[in-house]
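**Q** If you read the protein sequences in the order shown, they are chains D and Z.
Just so we're aligned, residue 1 is where the first sequence starts under our numbering, counting upward by one.
Just so we're aligned, residue 274 is where the second sequence starts under our numbering, counting upward by one.
Using N, Cα and C, we set each Cβ at its ideal position, and we do this for glycine too.
Since the structure is predicted, the reported quantities are computational estimates derived from the model, not experimental observations.
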Amino acid sequence: MSARPRVERRNRIRRPIATLGRRMIDGIWRVGTMTRFFTLVLASSGTSFARFRLVMREVYFSGVLSLVIIVVSGLFIGMVLGLQGFETLQKYGATESIGVLVALSLVRELGPVVAGLLFAARAGSAITAEIGLMKVTEQLSAMDMMAVSPMARVIAPRFWAGVISMPLLSALFAAMGVFGGYVIAVVIFGVDNGAFWSQMQAAVDFRYDVLNGVVKSVVFGFAITVIATFEGYDAPPTAEGVSRATTRTVVSSALTVLALDLVLTAFMLRNQG
Amino acid sequence: MERTTIDLWFGAFVTAGFVALLVLALKVGNLGAERAADTYRVEARFDNIGGLKIRGPVRSAGVLVGRVADIRFDNERFQANVTLALDKRYAFPKDTSASILTSGLLGETYIGLDAGGDDKKLAAGDRIQITQSAVVLERLINQFLFSKAQEEPAAPAKGATAAPAPAAAAAGVAKR
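1) Out of Z:397, Z:415, Z:367, Z:326, state which residue places its alpha-carbon closest to the alpha-carbon of residue 358 (chain Z).
2) Taking residue 362 (chain Z) as the reference, give the member of Z:291, Z:404, Z:337 with the closest Cα.
3) Tell me the DSSP secondary structure of residue 69 (chain D) in three-state form.
4) Assign residue 246 (chain D) to one of two classes, buried (16 or more other C-beta atoms within 10 Å of its C-beta) or exposed (fewer than that).
5) Who are the neighbours of residue 113 (chain D) on chain Z, taking C-beta pairs under 9 Å?
6) Are there 16 or more other CB atoms within 10 angstroms of the CB of residue 33 (chain D), so buried, or fewer, so exposed?
7) Run through DSSP, which three-state label would residue 449 (chain Z) get?
8) Pairs of beta-carbons, one from the region 132-144 of chain D and one from the region 186-193 of chain D, closer than 8 Å: are there three or more?
9) Taking all protein chains shown into account, decide if residue 205 (chain D) is buried (16 or more other Cβ within 10 angstroms of its Cβ) or exposed.
10) If we cut at 8 Å on Cβ distances, does residue 124 (chain D) have a partner in chain Z?
11) Please list the segments of the alpha helix (DSSP H) lying wholly inside the region 149-237 of chain D, counting only runs of 4 or more residues, in order along the chain.
12) Can you tell me whether residue 351 (chain Z) is buried or exposed, with buried defined as 16 or more other CB within 10 angstroms of its CB?
13) Consult DSSP for residue 367 (chain Z) and reduce its assignment to one of helix, strand or coil.
14) Here's the rule: buried if 16 or more other CB atoms are within 10 angstroms of the residue's CB, otherwise exposed. What is residue 230 (chain D)?
15) Report the three-state DSSP secondary structure of residue 352 (chain Z) (helix, strand or coil).
16) What are the residues of the region 327-358 of chain Z that lie near chain D, defined by any Cβ-Cβ distance shorter than 8 Å?
17) Please identify, using Cβ separations under 8 Å, the residues of the region 50-75 of chain D that lie next to chain Z, in order along the chain.
18) Taking 8 Å as the CB-CB limit, is residue 303 (chain Z) close to chain D?
19) Can you name the start and end residues of the alpha helix (DSSP H) that residue 422 (chain Z) belongs to?
20) By how many angstroms is the C-alpha of residue 298 (chain Z) removed from the C-alpha of residue 113 (chain D)?
21) Out of curiosity, what's the CA-to-CA distance linking residue 107 (chain D) and residue 175 (chain D)?
22) Can you name the start and end residues of the alpha helix (DSSP H) that residue 398 (chain Z) belongs to?
23) Which chain Z residues sit within Cβ distance under 7 Å of residue 209 (chain D)?
24) Is the number of C-beta pairs between the region 152-169 of chain D and the region 284-302 of chain Z that are closer than 8 Å three or more?
25) Counting only Cβ-Cβ distances shorter than 7 Å, please list the residues of the region 282-296 of chain Z near chain D, keeping chain order.
26) I want to verify the contact list: residues of chain D whose CB lies under 8 Å from the CB of residue 360 (chain Z), in sequence order.
27) Measuring only between beta-carbons, confirm whether residue 201 (chain D) sits less than 8 Å from chain Z.
28) Provide the residue(s) that pair with residue 314 (chain Z) in DSSP beta bridges, ordered along the chain.
29) How many whole angstroms separate the CB atoms of residue 157 (chain D) and residue 48 (chain D), which I take to be in contact at a CB cut-off of 8 Å?
30) Would you report the Cα separation of residue 345 (chain Z) and residue 408 (chain Z), rounded to the nearest angstrom?
31) Quick one: Cα of residue 401 (chain Z) to Cα of residue 389 (chain Z), how far?
32) I need the DSSP call for residue 320 (chain Z), collapsed to helix, strand or coil.
33) Do you know how far the Cα of residue 79 (chain D) is from the Cα of residue 424 (chain Z)?
34) Would you identify the three-state DSSP class for residue 137 (chain D), choosing helix, strand or coil?
35) According to DSSP, is residue 144 (chain D) helix, strand or coil?
36) Is the beta carbon of residue 356 (chain Z) less than 8 Å from the beta carbon of residue 328 (chain Z)?
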């Protein structure tokens, strides 16, 4: 009789540790599976380029339909940067530098990162839900039965569409943001138009700033679409499973984008010397 | 090939994306302003480059004429060896002098070129002989305080102490 409380107490200590361990093992397992999935996608990408129409259709769904949110939020973020920057720079009498502030922060950081987060929320979740639902309704197994590879027909086109869309969306986001900053600074606050653009051009370097931003957005595109397609493909074939997978896509791709951004920025700044 | 609406949308999206990239490159960035191929490289040695950075501007009469291409430490002379990439459109006399300047009190550090009177022009690979280092504010203040401390007992009158001190500071600046 006295053994029972002791067992319970032991369980109370053990259970959280066991859960933690299970989570970690599960996470490591996922890294392995995701890598295998990624190589499989790359291996079966040949078809999606031979039949490029499949990719174009997915670019329409994940890229073109994300245009509205990307353009509008880019404009707003540029305007907010303009307002905040103007407020601070005014204290130092350097309001002409506002172009530099807006352009550098958008081209280097905010463009790729915020566009990536929006893309993960807008397109990544849709990809996961779509693939997950295809799995639930056994469309993927049906394709397999007909000797149509779901990897080549469903997954790879969505993956490449994301990789193509991300840099374009990020560039649009940054360009709209600069325009928003221009509207606030030059049109509303009356900063000198020539100084706004010339200081910006003197400070923003094509290779170190613009191209590095493009590199970042391509990397984010790879990461987000791999996560989104994998979560959909790996989702438990239930309604709850699909909903969980969709949530996980948004959460883990947001975290991945931010973590990758830190790593990439550290590398890029070091190279700049 | 028959056309579909998807083609139109795809085309419009890709075009818009590339236009945005082009705007970032030409209007926001400096790709339109300069091309790396149209420059020639000149070297200059400085005792102290201050806060000069690679890709920093090179100005003559306030106009951007080039960029700092490379900065190295010369371990034999204990000087900074700076490579300037100057625009091919501008040629400078051989006895042009280079000095390290700052735009405004807190602005960026740049190299200012003052043209000399030589008939021969600087060619690629040449070295600018006359250079002037960056003004280090701490040294300037040290110099000022030191000279002030020296003159304190000799000239007790207030007007007399104020006059030589800026002159000493100015001597540090205008070594050329």
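**A** To lay it out plainly:
1) Z:397
2) Z:337
3) helix
4) buried
5) Within 9 Å Cβ-Cβ: nothing; residue 113 (chain D) doesn't reach chain Z, min ~16 Å.
6) exposed
7) Residue confidence is low: residue 449 (chain Z) scores 43 on pLDDT, short of 50, so the model does not pin down where it sits. Its coordinate-derived value is still stated next. Looking at residue 449 (chain Z) - three-state DSSP - the assignment turns out to be coil, as it is neither helix nor strand.
8) no
9) buried
10) no
11) 156-182, 193-203, 212-234
12) exposed
13) coil
14) buried
15) strand
16) 327, 328, 330, 337
17) 53, 56, 57, 59, 60, 63, 64, 67
18) yes
19) 410-424
20) 19 Å
21) 8 Å
22) No alpha helix (DSSP H) holds residue 398 (chain Z); DSSP gives it neither H nor E.
23) 302
24) yes
25) 282, 283, 286, 287, 289, 290, 293, 294, 296
26) Near residue 360 (chain Z) there are no residues of chain D at all, since even the closest Cβ is about 14 Å away, more than 8 Å.
27) yes
28) Z:358
29) 4 Å
30) 19 Å
31) 11 Å
32) coil
33) 57 Å
34) coil
35) helix
36) no
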